[in-house]
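First residue of the sequence shown? That's 201 in this note's numbering, and the numbers climb one at a time after it.
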Amino acid sequence: MSRLVVRHTRVFDGTSDRAIERASVVVEGGRVREVVLGPVDPPTGARVVDGRGGTLLPGLIDMHSHLVSDLGARTYLANGVTTVRYAGNDPDAVLALRDHVEGGRTPGPRILSLGPLLDGVSPDYPDMSWPLASAAQARLAVQRLREAYRVDGIILTQKPALEVARAAVDEAHRLGLGVTGQTWSLTAREAIALGFDGLENTSRLPEAPGLLPEARLLGYRTIPERSAMLARLWAGVDRERLARVGHQMVKYETYLVPTLAGMDALVGRYTARIREDRDTRRLPAPVRRDLLGWLGQRFFGASWTRRDFALWRVGVARYQRFVRDFARLGGRVLVGTDAVKPCAGFLYHEELARLAGSGLPRDAVLRAATAGAADALGRSDLGRIAPGAIADLVLVSGNPLRRLGALRAIRAVIVAGRLLDPGIVLPSNP
Ligand SMILES: [Zn+2]
Numbered sequence: 201m202s203r204l205v206v207r208h209t210r211v212f213d214g215t216s217d218r219a220i221e222r223a224s225v226v227v228e229g230g231r232v233r234e235v236v237l238g239p240v241d242p243p244t245g246a247r248v249v250d251g252r253g254g255t256l257l258p259g260l261i262d263m264h265s266h267l268v269s270d271l272g273a274r275t276y277l278a279n280g281v282t283t284v285r286y287a288g289n290d291p292d293a294v295l296a297l298r299d300h301v302e303g304g305r306t307p308g309p310r311i312l313s314l315g316p317l318l319d320g321v322s323p324d325y326p327d328m329s330w331p332l333a334s335a336a337q338a339r340l341a342v343q344r345l346r347e348a349y350r351v352d353g354i355i356l357t358q359k360p361a362l363e364v365a366r367a368a369v370d371e372a373h374r375l376g377l378g379v380t381g382q383t384w385s386l387t388a389r390e391a392i393a394l395g396f397d398g399l400e401n402t403s404r405l406p407e408a409p410g411l412l413p414e415a416r417l418l419g420y421r422t423i424p425e426r427s428a429m430l431a432r433l434w435a436g437v438d439r440e441r442l443a444r445v446g447h448q449m450v451k452y453e454t455y456l457v458p459t460l461a462g463m464d465a466l467v468g469r470y471t472a473r474i475r476e477d478r479d480t481r482r483l484p485a486p487v488r489r490d491l492l493g494w495l496g497q498r499f500f501g502a503s504w505t506r507r508d509f510a511l512w513r514v515g516v517a518r519y520q521r522f523v524r525d526f527a528r529l530g531g532r533v534l535v536g537t538d539a540v541k542p543c544a545g546f547l548y549h550e551e552l553a554r555l556a557g558s559g560l561p562r563d564a565v566l567r568a569a570t571a572g573a574a575d576a577l578g579r580s581d582l583g584r585i586a587p588g589a590i591a592d593l594v595l596v597s598g599n600p601l602r603r604l605g606a607l608r609a610i611r612a613v614i615v616a617g618r619l620l621d622p623g624i625v626l627p628s629n630p
């Protein structure tokens, strides 16, 4: 049985509000066997990792990604992300990537799939969506996703009809699958009332009756048009109505994956920083060109006026305030990148910074990235350093409880007890 010991290190276990100093973690057969205070004599044949000056944490979890590629998988690992949930993709492509990773053909994170975006009859993202016209079709789609695609949950997005969403949620829960959403035809309150377990990204959290009539909200022709409406909804949000949404989410334990950095990347906020990012410099030239060209198109803001950009900035500030208030109420805020191109490492670590910048304490951000996410996934075997948990671990230099940026100073990544060198996982360009 393979054994590994990380010694002389600080340990953040994913669930606590502080770290244990000068500890050792013993891993056996891919799982954590024990956490020992002080030094430990390694068992015979164990691989020993010196964790001096560093912090050992559970591997990080991305709750919302679309970056399906071998290179993307390696980018994640090199950034300490050991579990990725694909939140709306061609389900065959996600299965193929999972087979690649599980078959050892490429190093990659643990892969969870929500299948395609389940949408109404004319999907906004046709290549990543399954259109659903009726409740019966919704039930069949969920059954097929579970049986043929082994999904870990489903995601409803954009404009499903109410009876379609109700049937999909009911069928998913009947089969033991979680449901998350990024709906526009349903408000957050309607989605929660239907039993959604989570809300993500551009969900319609703000309600603004009178600000934008329903016919206009649903009659958009392009994604930039809809994103501009989202900015207006947030910028003009009624704080009391929004607070009621937050309370309802807390009551029903609906989690929130705000993907703040991912959304701002789509309006062009990070283009210069991503160009200079260390991962971007390591990408093969054609991939780098594609990434930068795509960022340059500012997908959400492609047809925006200056006023739209100004409203977006106001709206995002209000979204961040909601994130803080929701977390203070006991709401579950989780970490997602919405990555489509291989800048997932930048987006992941920037999202952690954005959550901290919104007012979440650093220990709360770290729990959100680890055990908080695992619990929302119904995977109590992930996201923590505790006896019996799967040994997906990250060793970083410094102390992320003092400075979150330390999380990107990655010294070692361990997946199911196997030690990987981040420099080998994502090699530099010659
Ligand atoms: Zn998304």
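Note that CB positions come from ideal geometry on N, CA and C, so glycine has one too. From a predicted model like this one, the values you see are computed outputs, not experimental measurements.
Proximity winner among the options, relative to residue i (alpha-carbon distances)
i: Y349; options: A365, L362, A293 and V301; result: A293
i: K359; options: S329, D250, G617 and G214; result: S329
i: L277; options: H266, G288, L604 and V301; result: V301
i: L256; options: S597, V625, D575 and Y470; result: S597
i: T357; options: A435, Y325 and E371; result: Y325
i: V211; options: G468, E234, S202 and W494; result: E234
i: L340; options: A372, I355 and G320; result: A372
i: R562; options: A527, R481, A415 and M463; result: A527
i: D213; options: D525, R567 and D464; result: R567
i: L626; options: D270, E228, G617 and G436; result: D270
i: S334; options: E363, W434 and R608; result: E363
i: G545; options: S265, V240 and A393; result: S265
i: V467; options: V437, E400 and F509; result: F509
i: G228; options: T215, E221, R247 and D217; result: For the sequence presented, residue 228 should be read as Glu rather than Gly. Ranking the options by Cα distance to E228, first place goes to R247.
i: P242; options: S216, G253, V205 and V268; result: V205
i: N401; options: L593, G253 and M263; result: M263
i: R507; options: E347, P258, A435 and D290; result: A435
i: S216; options: F499, G303, P258 and R374; result: P258
i: L464; options: R439, N289, M449 and V514; result: The sequence as given places Asp at residue 464; Leu does not occur at that position. Ranking the options by Cα distance to D464, first place goes to V514.
Exposure label - residue i; buried when at least 16 CB within 10 Å
i: K451; result: exposed
i: Q382; result: buried
i: L237; result: exposed
i: I354; result: buried
i: Q520; result: buried
i: I614; result: buried
i: A573; result: buried
i: T209; result: buried
i: T283; result: buried
i: G530; result: exposed
i: G496; result: exposed
i: R207; result: buried
i: P630; result: Interpretation of P630 is limited by its pLDDT of 45, a score under 50 that renders its predicted location unreliable; the figure taken from the coordinates is listed afterwards. Exposed, since its Cβ has fewer than 16 Cβ neighbours within 10 Å.
i: P309; result: buried
i: A391; result: buried
i: S628; result: exposed
i: S403; result: buried
i: A338; result: buried
Beta-carbon gap between residue i and residue j smaller than 8 Å
i: T537; j: L547; result: yes
i: G583; j: A571; result: yes
i: L312; j: L332; result: no
i: G280; j: L295; result: no
i: A539; j: L604; result: no
i: L456; j: R475; result: no
i: V369; j: G410; result: no
i: R231; j: A591; result: yes
i: P542; j: L483; result: yes
i: A428; j: W494; result: no
i: V351; j: L377; result: yes
i: L595; j: G251; result: yes
i: R632; j: T244; result: With the chain running from 201 to 630 in the structure shown, residue 632 is simply not present.
i: L620; j: V249; result: no
i: A219; j: L601; result: yes
i: A361; j: G320; result: yes
i: R366; j: E453; result: no
i: S202; j: G501; result: no
i: V445; j: A408; result: no
i: A431; j: L511; result: yes
i: V225; j: I585; result: yes
i: A569; j: V535; result: yes
i: H639; j: L607; result: Only positions 201 to 630 of the chain appear in this structure, which leaves residue 639 out of reach.
Residues bridged to residue i (per DSSP)
i: Y455; result: G398
i: L362; result: Paired residue(s): none; L362 is not in a bridge.
i: T255; result: R210 and V596
i: D382; result: Correcting the residue identity first, residue 382 is Gln in this sequence and not Asp. Answer is T357, bridged to Q382.
i: W330; result: L318
i: T283; result: I261 and R310
i: V236; result: S224
Proximity test, residue i beta-carbon vs ligand 2 heavy atom, cut-off 7 Å
i: W434; result: Of the ligands this structure carries, namely ligand 1, none is ligand 2.
(message) Any residue with its Cβ nearer than 6 Å to a heavy atom of ligand 1 should be included. What is that list in chain order?
(response) H264, H266, A287, G288, N401 and D538
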